[in-house]
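Asks: Numbering (numbering that gives the first Met the number 0), first residue to last: 0 to 235. Note that the Cβ used here is the ideal one computed from N, Cα and C, for glycine as well. Okay, here's the structure, questions in a sec.
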Amino acid sequence: MRVVAEFSYFTGPMDCGKSTLALQFDYTHAAGGRNGRLFTSHDRAGEATISSRLGLVRPAVEVTPGFDFWVYVVDQLTRGERVDYLVCDETQFYEPGQVDQLAKIVDELEIDVFAVGILTDFQTRLFPGSQRLVELCDKIEVLQVRALCWCGQRATHNARTVNGVLVTEGDQVVVGDTALRGDEAAVLAYEVLCRRHHRRGVTRAVAGTAPSDPLPFERPDEPTEPSREAVQEGRR
């Protein structure tokens with residue numbers, strides 16, 4: 000029975016191992032005798048590179064706004080090159096039309112596509128490329144490695160910070176990282192938060208200087224028992 004090519008999308012917030020997974024896909028399939036191509040866009044390590052926070056780095060084709068996946072793959076095949084699969088990292092930065100090209104490659108050329116990327120931006124809105132992936136891919140998988148908020152709860156939201164303070168305005172695409180050290184925290188960075196602390200704007204830096212989160216309502220005054228002195232005074 001002929002195996003049908005598949006368009007797979009793997010997603011999760013920052014710090015959950017997406018680029019590591021992308022490189023693992025390539026390693027596993029290459030070890031099995033398959034030939035693939037790696038793609039990325041705006042990787043924190045620079046152009047034409049897929050980098051993992053574990054220290055893994057591989058060269059890749061940089062996906063720019065005018066890049067055409069269909070033209071690239073057809074050209075490779077015409078030259079006699081073998082292409083069995085595509086690994087596409089940082090897919091949140093791809094244009095919707097480029098996602099359509101990937102779907103066409105799966106359907107018409109029967110080449111597997113493994114797409115990996117973030118679903119929503121720092122404003123909790125879908126990236127256009129991510130939205131198109133949800134609309135077209137054959138399957139969606141949320142990565143099982145759970146990134147953690149500073150409070151210890153599961154992190155589900157990506158926060159952009161300036162001087163450690165969450166910001167909610169600005170361009171959708173601004174390259175940054177979560178692995179900052181020392182005085183680097185005084186610049187634009189990213190942080191993963193749980194929904195509650197993203198809504199409240201409580202980042203790690205803010206939590207370190209702010210009092211405990213107040214309750215969203217006033218607690219009614221609770222009656223207290225009078226002291227022994229007050230009781231004795233009332234009997235006089």
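Measuring straight from C-alpha to C-alpha, what distance separates ILE139 and TYR8?
Replies: 5 Å
Asks: Go ahead and pull the three-state DSSP assignment for HIS41.
Replies: coil
Asks: Quick check on the burial criterion: 16 or more other C-beta atoms within 10 angstroms. Buried or exposed for TYR26?
Replies: exposed
Asks: Under three-state DSSP, which class holds VAL70?
Replies: Three-state result, VAL70: helix.
Asks: Anyone know if the C-beta pair for PHE38 and ASP106 falls short of 8 Å?
Replies: no
Asks: Count the C-beta pairs between the segment 120-140 and the segment 73-83 that are closer than 8 Å, then say yes if the count reaches three, no if not.
Replies: no
Asks: How should LEU108 be labelled, buried or exposed, when 16 other C-beta atoms within 10 angstroms of its C-beta is the threshold for buried?
Replies: exposed
Asks: Provide the residue span of the alpha helix (DSSP H) that contains THR48, from first to last.
Replies: Not the alpha helix (DSSP H): THR48 falls in the beta strand (DSSP E), residues 48-50.
Asks: Going by beta carbon distance, what residues of the same chain come within less than 7 Å of PRO12, once the five residues before and after it are set aside?
Replies: ILE117, ALA146, ALA154, THR155, HIS156, ASN157, VAL191
Asks: In the DSSP assignment, what are the bridge partners of LYS138?
Replies: SER7
Asks: For ALA59, count the other beta carbons within 10 Å of its own beta carbon; 16 or more makes it buried, fewer makes it exposed. Which is it?
Replies: Buried, because 16 or more other Cβ atoms sit within 10 Å of the Cβ of ALA59.
Asks: Let me know if ALA188 comes out buried or exposed under the rule of 16 or more other beta-carbons within 10 Å of its beta-carbon.
Replies: buried
Asks: Taking DSSP's pairing of strands, which residues face ARG33 in a bridge?
Replies: Residue pairing by DSSP places ARG33 in no beta bridge whatsoever.
Asks: Just to confirm the assignment, what range does the alpha helix (DSSP H) spanning GLU107 have?
Replies: 95-108
Asks: Following the continuous alpha helix (DSSP H) through THR160, name the residue where it begins and the one where it ends.
Replies: In the DSSP annotation of this structure, THR160 is not part of any alpha helix (DSSP H); the continuous beta strand (DSSP E) holding it starts and ends at 156-161.
Asks: Answer yes or no: do TYR71 and ARG33 have a C-beta to C-beta separation smaller than 8 Å?
Replies: Contact: no.
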